[in-house]
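Mature numbering (1 follows the signal peptide of the UniProt record, and there is no 0) puts the sequence shown at residues -27 to -1, 1 to 906. One structure is given below, encoded as structure tokens.
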Amino acid sequence: MRTLTASRRRSLSLLTGFFCSILLLIAAAGHSEDPRTQDLRSQDQRTPGQRAFDPRDIRPLPQDPDTREDLRFDAERRNEERLREQTKRLQKEKEVAPSQLEQQFRQTPVPLGGAVERGESLRPAPLDPKELSKEDYQGLVFLELVTAPETLTLREKARMFRELDEQRRRVYLQTLPPEERRRFLDATGERESPWYLQDLRAPSIDRDLKQFGFRFFEAVDPAFLPDRLAPVGPDYPLGPGDSLDVHLWGSIDGRYEVTIDRSGVITIPRVGPVSLWGQSLEQGRETIRQAISKYFSNFEMNVTLGSMRSIQVFLVGEVENPGTYTVSSMATILNALTLAGGPTRNGSLRAVQLVRGGQEVADVDFYAFFTAGDRSRDLRLQAGDTIHVPMAGAQVGIAGDVRRPAIYELKGGETLADLLRLSGGFQSTAYLRKVQVERVLAHQSRKVIDLDLGEDPRADEPGLQFVLRDRDMVQVHSIAPVKNRYVMLKGYVARPGPYELREGMRLSELLLRFDNLLPYYYPGFAEVLRMVPPLYQPRKITVDLAAALAGDPAEDILLREHDEITLFAREEMEESAQVRISGAVQDPGLFRYFEEMRVRDLVVAAGNLRRGTFRDEAEITRFEYDARGSRTRQILINLEKALAGDPAHNIALHPDDQLFVRTLPDFSEMATVRLEGEVRFPGEYTVGKGESLGSLLARAGGFTERAYLRGAQFSRESVRLMQQERLEQLIREQEQAALRVSSEIAGGAMSRDDIQSAQALLEARQELLERMRETPVTGRMVVRLAPLEDFRGSEYDIELFDGDTLTVPTNPRTVMVLGQVYNPITITFSPGKTVSHYLNQVGGTKEDANTREMFIVRADGTVLSQNQAGAGVSWDRENFRWVFGGFNNTVMYPGDTLLVPEKFRRIHIMREIKDLTQIFYQIALGAAAVASF
């Protein structure tokens, strides 16, 4: 009996809880987060010793470790069967290789299963998951999150389900197929709500609000700041530091770049100083013209602003980065505030003060800019200006179904109508009969005030005049998502979905008016699911659909609001009759039976006859039933006459009839066989039924002088398919064994050295499995060729079949030595030399070589092992003589490969895996040897 150590049990408990938390959080990530999800996350952030009670902590499994271990291994076997079934089904749907699908299933945990707690303490275990190898880690996760839930009964799963909260229930139910979900809900004593009762509650309000306007300052865009070389208007005030470009032509030519000095004066050559103090750009142009006119006449002039001056301003108060800033003379209050990072979260956006010369010259409300783009109060700065951002005033939040939910600053005396204007107004889905205000009573408590604004509130609605206070939280709920005055049509109909419920609407009107009936619908009955007041319990009404469509008032019932009507296909409700055809037809199999179906109809449905059909006779097997049981009767017909329409032979078929079409005796389809390599006339040949390999070689002219008959390779498609099937089965068995080994390693029952050895072996085995998946199966058969006169009529002169291939190589004149030797290489062949000779050529075997398991892969694909050779005398069937001295005296031939495997440490848990791992190792080396040709 297998036992579990206490350390292992604690480790599995910790890992199970850890993975369950992760899986549930990932699965819930696609849903909107509510406080329950936040609570769940906060629980998962606690240390294991501090974790609060969670539904995952229930203990449904037996406490006895031996019993649980037996359950685990039984469940593992059942799970393997489930994986194979799912692999076959999804392979057809997705066209994915079976190995990829199986790996996908093994790495996909079941959310509810991962929630099963084993009943041990949740305190930290001494086993650190980081110390496990990747393979052990995956194996442990698979056993605990996938296999373990299979041991639970449906009742135990139902009990766990009832302990879960609503969101976790929804996550788990989404992983189940519809039919399994219905059975599961039946076991829990619960039912899925009808379609019109699901999600009736209005969505919760997101209270995670941001302060309005502050996102504007989160990223400073340099393009927003004024460009020092940007064009300016004629009202630009000139000042010290501004540069002017004066261009003159006519009686005086010249172009001068002058700068206004600290006194507000520029100096123009040949004119002298000109004072521009306190003037605008337009006024400065006129002043310059007048100054030049004193000395010159008949001239033209153009004065433009070169580069603008820089000014210093101060930003103080609730600013992210208060201080002195140098800005362009074109900068405004908003430009400077943006450069400083904007106000802090405590700062005001509605009362920003501009102080100039010790006097407040502006009080700016930036909400006008953020809501309507109005920058009329965003004044241009002057040198020495101070921008002061005071503390924000009263603030209120508005959340829910408004266009711009946020936290807004009040200036005082604003009403709900004012707040709605700031937030963009109500959404069309807002429920106005209950607008809720959560108010803080200063230093005391909170209270809730409900405002009824009516269905279409007017501007003078009393509720809109509700005066807001600091820290008020306005919540605008959504209307309920439930729909009214319609019914739902489902099932086998042309246009399933909701339909408007008209006054006096009956079932027939719903189906006929909208052309909802499909061919082959089931006329026997339809189902109407109706919620019956006053408790609105579901009631299923069955009506005769054919009678309802014919206008029978008893069956053509009046529809009520929220009725759910379901129609069915005839195939769903009636077992369709079938007939079978087999033998020499293009598409044999089962076909649907129709009234008055005859032999010729079935043959045509099967794609007509194939070549080589025996037309004189076909056989019909008919099943006849009566009170005593069933019996069969054979009916012989002339197939030729049946196809010609002779009623005596083209008889009417009955349900379950089976027609067998015979093939002509000794008829065979054209078969092709390919000869490659050292034959005189290689190529693709057509062969007749029963033709042998020797006969074909004679037709191909025999072998060339360079042919190496010992290394011939013969492959057959049917053999390849069998080899492929066996290889896939072997891979599946080895993967299952690896999971068992991983669980043993995780259990801590092995020494540290044994664990390291087992992990290394598992890694090597995984690599070999990957190689085996990638290595193509050739379908090779051992065929020993000989000179044609000796080969014909021998035991290897086999009958040929379609797709056979024979490849005759040249003499490689080499021998390969691979595995645990000091220098694994290819050696030139020496006639008559033995294994000992070739081992000496590569330096002998290593210390970890398993010399008792050495074997030779002959060029023809046969294998000679140490066990076959024995320790004393063995028969050399190549040269028809006895060989003395055992395996080391075995003679090797060109193309042979000597394989020396590694010596494996015997670990008790590896008994099942050691031999097969070695087989994989040998097969991989053998494949390399074959590839050398």
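All C-beta atoms in this analysis are idealised placements derived from N, C-alpha and C, irrespective of residue type, glycine included. What you are looking at is a predicted structure, and each value in this text was computed from that prediction instead of being measured.
Contact under 9 Å by Cβ, residue i with residue j
i	j	result
Y472	L483	yes
G752	L694	yes
S216	T232	yes
T586	T636	yes
V558	L616	no
I538	L480	yes
P316	V362	yes
I829	L872	yes
D351	R329	no
S767	G684	no
Residue burial classification, residue i (beta-carbon count within 10 angstroms, cutoff 16)
i	result
A453	exposed
H450	buried
S396	buried
Y493	exposed
G385	exposed
I239	buried
A733	exposed
Y298	buried
N308	buried
L354	buried
A523	exposed
Y811	buried
P430	buried
T659	exposed
Y681	buried
Any chain D beta carbon closer than 9 Å to residue i
i	result
Q409	Although the question refers to chain D, the structure presented lacks it and comprises just one protein chain.
For residue i, the three-state DSSP class (helix, strand or coil)
i	result
E387	coil
F487	coil
V244	coil
N275	strand
V634	strand
V466	coil
Q732	helix
V660	strand
I514	strand
Q686	strand
A309	helix
I593	strand
L116	Per-residue confidence for L116 stands at a pLDDT of 47, beneath the threshold of 50, marking its modelled position as unreliable; the derived number appears in the next sentence. Residue state, collapsed to three classes: helix.
Neighbourhood of residue i by C-beta distance below 6 Å, restricted to the same chain and skipping five residues each side
i	result
A341	D347
I265	V244
Own chain partners of residue i with C-beta closer than 7 Å, once the 5 adjacent residues on each side are dropped
i	result
T755	With the sequence shown as reference, residue 755 is identified as Val, and Thr is not the correct amino acid for it. D833, G834, T835, listed in sequence order.
L414	K420
R503	R512, I514, R533, D536
P378	L182, I371, A372, S396
D423	K407, Q409
V505	R512
S838	F828
Sequence-distant residues of the same chain with beta carbon closer than 8 Å to residue i, five excluded per side
i	result
L426	L405, R406, V408, E434, G436, L437
S603	F596, E597
D619	N611
S253	P207, D208, Y209, P210, L211
I800	T787, V788, M789, V790, Y811, Q814, V815
Enclosing alpha helix (DSSP H) for residue i [first to last residue]
i	result
D574	572 to 578
G397	Neither: G397 is in no alpha helix (DSSP H) and is coded neither H nor E.
A615	612 to 616
H810	808 to 814
Y340	340 to 345
S266	254 to 266
A671	666 to 672
M546	543 to 546
The beta strand (DSSP E) enclosing residue i, as first and last residue numbers
i	result
Q409	403 to 414
V794	Unbroken run through V794: none, as it is neither H nor E.
I538	537 to 540
T297	296 to 301
E333	332 to 337
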